[in-house]
Amino acid sequence: MVKVLKVVKKPLEAKAMQWNENEEDLLDFCGSQAMFDKWFHFEGEELFIDTLEGAIHTTPGSYIIFGNHGEYWSIKEDIFHSTYSIIPEQLRDNNFQDRGFEPR
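For the sequence shown, the residue numbers in my numbering are 1 to 104.
Given below as structure tokens:
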């Protein structure tokens, strides 16, 4: 008989920005043209992220996440808000769990 486990995803800090169709904001988020060129491309006016699983289309309003392993991915706005908690600005330079902030 299979043993069924109950699990909770570990909270990991990541950086995110909401895609507002401003390429300059995205370049700032990436930190360099080389990082932008490695992970992002346009087909016409449509933005794609070259993720570890392949290219994904990113729609305006979606959030772009920069993960702990140097990768980028996109999440629709409603899923982002149900999955992530935004760390208050005053806690961003600290370990948020040590300061009493727990993700929901």
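No residue lacks a Cβ here, since even glycine has one placed at the ideal position from N, Cα and C. These numbers were taken from a predicted model, which means no experiment stands behind them.
- Excluding residues up to 5 positions away in sequence, 14 lie with their Cβ nearer than 6 Å to the Cβ of residue 67 in the same chain.
- Here DSSP, grouped into helix, strand and coil, assigns residue 1 to coil.
- Note on the segment 11-59: whole beta strand (DSSP E) runs with a minimum of 3 residues are 15-18, 40-43, 46-51 and 54-58, in chain order.
- A Cβ-Cβ separation of about 6 Å places residue 72 in contact with residue 64 under the 8 Å criterion.
- Distances from the CA of residue 76 to each of 19, 86 and 50 were compared; the closest alpha carbon is that of 19.
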